[in-house]
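Notes follow the structure.
Numbering (full-length UniProt numbering), first residue to last: 1 to 202.
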């Protein structure tokens, strides 16, 4: 039986961590939708044509170990500008979402565009300062190449870009549960997500 959990939110809010934990807890399949464009970009880097790469994308392609590289990110932004690529990846996400056994998808427009009929919608957020600090600590904190202020500026710039783009802007679905993780531990945030899913399945 299909059961879709849509988890959206800005960078470094904790949606990936929560999504993985929720998927493991309920035995749902998990899709980090941010990897889709990176995977298509990587296939293009291997010599594939962009639209063909998007149409033939499989979950195996998402397991490549080179998808988090800077090159994959740059390739992703190029293929994301192609309407046919976007359309193919929307279909990929919708098929994934309605598979038997349940699915968790995390991204930026899952609850609003990809799966507006999802049984559970969460919008995971945190203040820009908290998210920038998390990202800065991931980069090494005091040992990082960038000072905290530069990371904060990048976070705010990306928020502005994501929230004000014409196509599928980042915003919570009207029926999404807002989960602000600024003051929550990972365990507390996961517990709230689990409670929302359990309530919807009851």
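Using N, Cα and C, we set each Cβ at its ideal position, and we do this for glycine too.
Where residue i falls: helix, strand or coil (DSSP)
i: residue 177; result: strand
i: residue 17; result: helix
i: residue 29; result: strand
i: residue 202; result: coil
i: residue 8; result: strand
i: residue 195; result: helix
i: residue 171; result: coil
i: residue 154; result: helix
i: residue 163; result: helix
i: residue 2; result: coil
i: residue 144; result: coil
i: residue 184; result: coil
i: residue 139; result: coil
Whole-angstrom C-beta distance between residue j and residue i, which should lie under 8 Å
i: residue 205; j: residue 110; result: The first residue shown for the chain is 1 and the last is 202, placing residue 205 beyond what the model contains.
i: residue 47; j: residue 126; result: The pair is not a contact, with the Cβ atoms about 40 Å apart (cut-off 8 Å).
i: residue 155; j: residue 189; result: At roughly 19 Å, the Cβ-Cβ gap does not stay under 8 Å, so residue 155 and residue 189 are not in contact.
i: residue 57; j: residue 36; result: 7 Å
i: residue 119; j: residue 200; result: 5 Å
i: residue 29; j: residue 141; result: 34 Å between Cβ atoms; not a contact.
i: residue 80; j: residue 64; result: 17 Å between Cβ atoms; not a contact.
Short CB-CB distance (under 8 Å) between residue i and chain D
i: residue 19; result: Absent from the structure is chain D; it holds one protein chain and no more.
- [ ] Report the residue ranges of all beta strand (DSSP E) runs contained in full by the stretch 46-126; include only those spanning at least 3 residues, in chain order.
- [x] Counting whole runs of 3 or more residues, the stretch 46-126 contains the beta strand (DSSP E) stretches 103-107 and 120-125.
- [ ] Flag this pair as touching only if the stretch 166-179 and the stretch 3-23 have three or more C-beta atom pairs under 8 Å; answer yes or no.
- [x] A contact exists between the stretch 166-179 and the stretch 3-23.
- [ ] Determine contact between the stretch 52-69 and the stretch 80-90, defined as no fewer than three beta-carbon pairs at a distance below 8 Å.
- [x] The stretch 52-69 is in contact with the stretch 80-90.
Open item on the list: Pairs of beta-carbons, one from the stretch 187-194 and one from the stretch 16-25, closer than 8 Å: are there three or more?
Closed with: Contact between the stretch 187-194 and the stretch 16-25 is established, with three or more Cβ pairs separated by less than 8 Å.
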